[in-house]
Amino acid sequence: TGAPLTDPVPPQVVPGADSSARQLCFAWGPAEVLVCETLFGRAGGCRSRGFSRSPCPSRFWREGGAGAAALALTGSFAGTEDGAPSSSRVFVVRRDQDIYIQALRKLFNESHGIFMGLQRSEEELAGKSRKAQLVQVSKNYRSVIRACMEDMHQAAVSTRDPALQGQYSTQVSILSAMELIWNLCEILFVEAATAGPLLLRLLDWVRLHVCDVDSMVREVLSSESPSKHELFWNVVDVFVLQGRMDEARHLLSKEASANPISMNMYKILDDLMKKMPVPSLSNTHTLTELELKWQHWHEECQRYLQDGTFASNPHMESICKILLGDEDAILEKKELMTTWYHFLVTRLLYSHPTVKPMELRFYAQSSMDLFLGRESSPEPLDMILMAAFEFEMHQVIKECSIVLSNWWFVAHLTDLLDHCKLLQSHNLYFGSNMREFLLLEYASGLFSHHSLWQLGVDYFDHCPEYGRVYLELHIERIPLSTEQKALKVLRICEQRQMHEQVRSICKIMAMKALRNNRLGSALSWSIRAKDAAFATLISDRFLKDYCERGCFSDLDLIDNLGPSMLLSDRLTFLGKYREFHRLYGEKRFLEAARLLLTLMTAHIAPCSFWMTLLTDALPLLEQKEVIFSAEQTYELMRCLEDLTAGNSDKQKIQDDDIETTKVEMLRLALARNLARVIVKEGTVEGS
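Below, the structure written as structure tokens:
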């Protein structure tokens, strides 16, 4: 299964940090690391305000190849030996810097849709139907990579900033390598091409990705006399090396027309190229039949070469040697092939066209050795491709995790391979499988971005073992900068029954609204949080504002509390008290009086608000028509006496002329109302 993903990887130096002179302290965050310089020498201790005592690495080890980028800030975070403060720098080391590149947004957004479609696809499709579906998904991923690469190339061409141009060109190279690797994995693992069609797929792969000679081909073909062009034979050789026989024959026909002396040689070579047996995707011939035809054709080429048919034309003789699979002749065209894997496919085309998948590893290794020679060593990309040719899927994923600058590639490729049932046996030692581990890392990186976090939610949803735990941890750290964003986060939590996170978000937003004196919004959030204590606090603020201003704010909210008012007694009182005012405004005095008395006698009104309620009864007591019955009037009297009964409260009321006046007015109004009621009720009884 290849080496484990936990093998040590090359360290990433933090730019700007002088680790040779200063020790560094660090603190881990969800998607970033804070690295702090100290003024302690290499032999000293490691203490820094705001950071825990921990090892002092001079380098930040990348986790799985997530490229680190440091942003330097200044501040007095370090101290001198004697404890005096001193200036020091703090580095913010991000592990997924690519997340912040605007030009890569298309890659993240569009691949998300492909990923979700793959998760929803019908698993019951079997055999060829399922394989065709997975191959199409793979091609969709590659089309997104290529589209993003083209956009990046256009940006590099159009910008005048050399630094930006260099950044875009680097990204184009990375995306190109990603598509190259993905395409090979698609051929070998997803499509699992068999002997015969395998070579055709590899030829298409080389033609698509080896583009260094395209400009030369265009230059020759656009000239007035292509056969006279100095690069004419180079272009013919390129076509032959890539198995583009029809195009090579077309060019050679121009040479024959311009040079009648070579007409006979041209016809023989053209006939050989025309008759060359090649596999077909339709499998019209068995491999045995193909090998037999190829052997006869090979012998015919050998005979013409030995007879010296092309001896007078070195170019045609060289082409004939290539058709025979002569390794030395092919290697002479090394500059036209540019890469060892182009050499591999050309070598297979002319020496072993029916190569089987499991034989690729031997040809790949020898081709790389022959092509690179002793003067150069394999690059990381070479090692990834070699691992693919050796069918070491886990090694491919490991190497890509180390080399590539973000988790996008390995996460999506691994998910696709997992759907192909190719990774089922590989579990990591810490409990999760490889697919889930890489998806969790990729989604965690998305959550560090101010808008891409929404994509990360869906990736966590499709990680059955740890996805929900990761989502709960990350969603709590999203900055709730606006109510719109908070509502979006809240909806995500509610859809997933994440009740604790729902309460937490609502409480945070309620507190923010309260600090900004937006009582309606604060009350709305506290109701959503089902926080009775906070709802009581805000209700008290509403009542206090009413006492100071004489009117309510946010009437629409209070009028439509509905069952939510039962969250707390104080909220119930607020809703009912507002209902009293509405009834009074509609001149429904009898209903208003009953409700007011209920608020007094049910003891849900705060004691500090009793005088306000009794004062609200004054207009009803002074109405021409008797509103309060004798029993209700006695209840109001009792409430007034209860209010003035306490010695401290009584002393406070007596000291306040206004309050004293209110009490006297209430007593007078109650007495007059009682008298009117007695007369009215006596008259009714007498009649």
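Per the UniProt record's numbering, the very first residue in the sequence shown carries number 1; after that it's consecutive. Ideal Cβ positions, reconstructed from N, Cα and C, are used throughout, including at glycine.
TODO: Leaving out five residues on either side along the sequence, give the residues of the same chain with a beta carbon under 7 Å from the beta carbon of Glu-476.
DONE: For this step, residue 476 is matched to residue 476 along the sequence shown. Once the five neighbours on either side are set aside, the close Cβ partners of Glu-476 are Gln-501, Ser-504.
- [ ] Spatial neighbours of Arg-142 within its chain, please: CB distance less than 8 Å, with the 5 preceding and 5 following residues excluded, ordered by chain position.
- [x] As a working note, residue 142 is residue 142 in the sequence shown. Cβ neighbours of Arg-142 beyond the five flanking positions: Glu-179, Trp-182, Asn-183, Glu-186.
Task: Outcome for Arg-160 when other beta-carbon atoms lying within 10 angstroms are tallied against a minimum of 16 - done: As a working note, residue 160 is residue 160 in the sequence shown. Arg-160 comes out exposed.
Task: Beta carbon of Ser-568 nearer than 8 Å to that of Ala-535 - done: Position 568 of the sequence shown, counted from the start, is the residue given in the question as residue 568. Position 535 of the sequence shown, counted from the start, is the residue given in the question as residue 535. Yes, Cβ-Cβ distance for Ser-568 and Ala-535 is below 8 Å.
TODO: Give a yes or no on whether the C-beta atoms belonging to Leu-290 and Pro-279 are separated by under 8 Å.
DONE: Translated into the one-based positions of the sequence shown, residue 290 becomes position 290. Translated into the one-based positions of the sequence shown, residue 279 becomes position 279. Yes, Cβ-Cβ distance for Leu-290 and Pro-279 is below 8 Å.
Open item on the list: Rounding to the nearest angstrom, what Cα-Cα distance links Arg-244 and Val-220 in this structure?
Closed with: In the sequence shown, counting from the first residue as 1, residue 244 sits at position 244. In the sequence shown, counting from the first residue as 1, residue 220 sits at position 220. Computed Cα separation, rounded: 16 Å.
TODO: Classify Asn-516 as buried or exposed, calling it buried when 16 or more other Cβ atoms lie within 10 Å of its own Cβ.
DONE: Numbered from 1 along the sequence shown, position 516 holds the residue referred to as residue 516. So Asn-516 ends up on the exposed side.
TODO: Would you mind sorting Gly-166 into buried or exposed? The rule is 16 or more other CB atoms within 10 Å of its CB.
DONE: On the sequence shown, position 166 is the one that residue 166 refers to. Counting Cβ neighbours within 10 Å, Gly-166 comes out exposed, since fewer than 16 surround it.
Open item on the list: Counting beta carbon pairs with one atom in the region 612 to 630 and one in the region 591 to 601, are three or more of them shorter than 8 Å?
Closed with: yes
- [ ] Report the rounded CA-to-CA distance for Ala-486 versus Leu-618, giving the unit in angstroms.
- [x] Along the sequence shown, read from residue 1 onward, the residue named residue 486 stands at position 486. Along the sequence shown, read from residue 1 onward, the residue named residue 618 stands at position 618. One C-alpha to the other measures close to 45 Å.
- [ ] Could you please give the first and the last residue of the uninterrupted alpha helix (DSSP H) stretch that includes Val-33?
- [x] Along the sequence shown, read from residue 1 onward, the residue named residue 33 stands at position 33. No alpha helix (DSSP H) holds Val-33; the beta strand (DSSP E) holding it covers 32 to 37.
- [ ] For my contact list, Ile-508 and Ser-526 are in at a C-beta cut-off of 8 Å; report their separation, rounded to the angstrom.
- [x] Numbered from 1 along the sequence shown, position 508 holds the residue referred to as residue 508. Numbered from 1 along the sequence shown, position 526 holds the residue referred to as residue 526. Not quite, the Cβ-Cβ distance comes to about 11 Å (not below 8 Å), so this is no contact.
Task: Burial state of His-415, where buried means 16 or more other Cβ atoms lie within 10 Å - done: The sequence position of residue 415 within the sequence shown is 415, counting from 1. Per the sequence presented here, residue 415 reads as Asp, with His not at that position. Result: buried.
Open item on the list: Using only CA atoms, which one of Leu-281, Arg-249, Ser-448, Leu-523 lies nearest to Ile-268?
Closed with: Start at 1 with the first residue of the sequence shown, and residue 268 comes out as number 268. With distances taken between Cα atoms, Ile-268 lies closest to Arg-249.
- [ ] Measure the C-alpha to C-alpha separation of Arg-22 and Glu-32 and round it to an integer number of angstroms.
- [x] Start at 1 with the first residue of the sequence shown, and residue 22 comes out as number 22. Start at 1 with the first residue of the sequence shown, and residue 32 comes out as number 32. Those two C-alpha atoms are separated by around 21 Å.
- [ ] Return yes when the Cβ of Trp-407 is within less than 8 Å of the Cβ of Glu-436, no when it is not.
- [x] Sequence index remark: in the sequence shown, residue 436 carries index 436 (1-based). Sequence index remark: in the sequence shown, residue 407 carries index 407 (1-based). No, the pair does not count as a contact, with Cβ atoms beyond the cut-off.
- [ ] Please name the residue in Asn-140, Arg-89, Ala-177, Val-92 whose C-alpha comes closest to that of Leu-381.
- [x] Here residue 381 refers to the residue found at position 381 of the sequence shown. Selected option, being the one with the closest Cα: Ala-177.
Open item on the list: Going by DSSP, what residue range makes up the alpha helix (DSSP H) through Asn-234?
Closed with: For the purposes of this step, residue 234 is taken as residue 234 along the sequence shown, with counting starting at 1. That run of the alpha helix (DSSP H) goes 232 to 241.
Task: Phe-589 beta carbon less than 8 Å from that of Gln-632 - done: For the purposes of this step, residue 632 is taken as the residue at position 632 of the sequence shown. For the purposes of this step, residue 589 is taken as the residue at position 589 of the sequence shown. No, Cβ-Cβ distance for Gln-632 and Phe-589 is not below 8 Å.
Task: Where the alpha helix (DSSP H) through Ser-593 begins and ends - done: By 1-based counting over the sequence shown, the position of residue 593 is 593. One point to set straight first is that residue 593 is Ala, not Ser, in the sequence displayed. Its alpha helix (DSSP H) spans residues 589 to 601.
Task: Reduced DSSP secondary structure (H/G/I, E/B, other) of Leu-24 - done: Position 24 of the sequence shown, counting from 1, holds the residue named residue 24. Reduced to three states, the DSSP call for Leu-24 is strand.
Task: Which of helix, strand or coil DSSP assigns to Asp-382 - done: Your numbering for residue 382 matches position 382 in the sequence shown. Helix.
Task: Contact belief for Lys-356 with Ala-195 at Cβ below 8 Å, rounded distance in angstroms - done: As a first step, residue 356 is located in the sequence shown; it is residue number 356 there, counting from the start. As a first step, residue 195 is located in the sequence shown; it is residue number 195 there, counting from the start. At roughly 5 Å, the Cβ-Cβ gap stays under 8 Å, so Lys-356 and Ala-195 are in contact.
TODO: Tell me whether the beta-carbon of Leu-422 lies closer than 8 Å to the beta-carbon of Met-393.
DONE: Translated into the one-based positions of the sequence shown, residue 422 becomes position 422. Translated into the one-based positions of the sequence shown, residue 393 becomes position 393. Yes, Cβ-Cβ distance for Leu-422 and Met-393 is below 8 Å.
TODO: Using the Cα positions of Gly-325 and Leu-203, report the straight-line distance between them to the nearest angstrom.
DONE: One-based indexing of the sequence shown puts residue 325 at position 325. One-based indexing of the sequence shown puts residue 203 at position 203. Cα-Cα distance, rounded: 15 Å.
- [ ] Please check the pair Val-135 and Val-190, which I expect to be a contact at CB under 8 Å, by giving their CB distance rounded to whole angstroms.
- [x] As a first step, residue 135 must be located in the sequence shown, where it is residue number 135. As a first step, residue 190 must be located in the sequence shown, where it is residue number 190. In this structure Val-135 touches Val-190 by the C-beta definition: roughly 6 Å separates them, less than 8 Å.
- [ ] Report the rounded CA-to-CA distance for residue 695 versus Ser-608, giving the unit in angstroms.
- [x] The chain is shown from 1 up to 687; residue 695 falls before or after that span and cannot be answered.
Open item on the list: Taking only three categories from DSSP, how would you classify Cys-463?
Closed with: As a working note, residue 463 is residue 463 in the sequence shown. Residue state, collapsed to three classes: coil.
- [ ] Going by CA-CA distance only, name the one from Val-489, Ala-411, Ala-532, Thr-612 that's closest to Asp-545.
- [x] Residue 545 sits at position 545 when you count from the first residue of the sequence shown. Considering only alpha carbons, the answer is Thr-612.
Task: Cα-Cα separation between Val-345 and Leu-413, rounded to whole angstroms - done: To locate residue 345, count along the sequence shown from 1; it is residue 345. To locate residue 413, count along the sequence shown from 1; it is residue 413. If I take the Cα positions, the gap works out to 24 Å.
TODO: Work out the CA separation of Met-368 and Lys-254 for me, nearest whole Å.
DONE: Start at 1 with the first residue of the sequence shown, and residue 254 comes out as number 254. Start at 1 with the first residue of the sequence shown, and residue 368 comes out as number 368. Those two C-alpha atoms are separated by around 35 Å.
Open item on the list: Quick check: Trp-297 and Pro-353, are their CB atoms within less than 8 Å of each other?
Closed with: Translated into the one-based positions of the sequence shown, residue 297 becomes position 297. Translated into the one-based positions of the sequence shown, residue 353 becomes position 353. Cβ distance not < 8 Å, so Trp-297 and Pro-353 don't count as in contact.
Task: Pro-606 in three-state terms, based on DSSP - done: Counting from one through the sequence shown, the residue named residue 606 turns up at place 606. Coil.
Task: Status (buried if at least 16 other CB within 10 Å, exposed otherwise) for Ser-481 - done: To locate residue 481, count along the sequence shown from 1; it is residue 481. Exposed.
TODO: With DSSP as the reference, label Ser-52 as helix, strand or coil.
DONE: As a first step, residue 52 is located in the sequence shown; it is residue number 52 there, counting from the start. Bear in mind that the predicted position of Ser-52 carries a pLDDT of just 38, short of 50, making it too unreliable to give a figure here.
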